[in-house]
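Peer 1: If you count by my numbering, then the sequence shown holds residues 91 to 191, one letter each, in order. Every residue gets a Cβ at the ideal spot worked out from N, C-alpha and C, and that includes glycine.
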Amino acid sequence: MRDGNETGELGERSAASGVKGGFEILVATKLTHIGQTVADIHRLVSPPEDDTGDKLVDVMSRIADGIENLGVTLNEILEGQSRIEERLDLVEKTVRPAPVR
Numbered sequence: 091m092r093d094g095n096e097t098g099e100l101g102e103r104s105a106a107s108g109v110k111g112g113f114e115i116l117v118a119t120k121l122t123h124i125g126q127t128v129a130d131i132h133r134l135v136s137p138p139e140d141d142t143g144d145k146l147v148d149v150m151s152r153i154a155d156g157i158e159n160l161g162v163t164l165n166e167i168l169e170g171q172s173r174i175e176e177r178l179d180l181v182e183k184t185v186r187p188a189p190v191r
């Protein structure tokens, strides 16, 4: 059976963890505020973006076009390979070595 001492200790631990939790929230809030301040300073001191350079959307669009072109090229290569294999089969059927006795 528990005595009053154990229950009292449990209450003290709960109060201590409440203080600890409040402190952690305070620290997290302060760090968030500091992070926002640093981000604001960075925006103020950074040079403006150059409009003459490529944007990420443009680069991604070119990459997508390149991948599509690779797909088309690969299909053409496979079709060419199929035609070559068909012709090889025809040549093998036409030119057969004489049976060896």
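1. Pick out the complete alpha helix (DSSP H) segments inside the region 107 to 159, 4 residues or longer, and give them in chain order.
2. Pick helix, strand or coil for R173, following the three-state DSSP scheme.
3. Compute the Euclidean distance between the alpha carbons of K145 and G125, then round it to the nearest angstrom.
4. Do you know offhand how far G111's Cα is from H123's?
5. Specify the secondary structure class of V181 as computed by DSSP and reduced to three states.
Peer 2: The structure says:
1. Fully enclosed alpha helix (DSSP H) runs of 4 or longer: not present.
2. helix
3. 27 Å
4. 18 Å
5. helix
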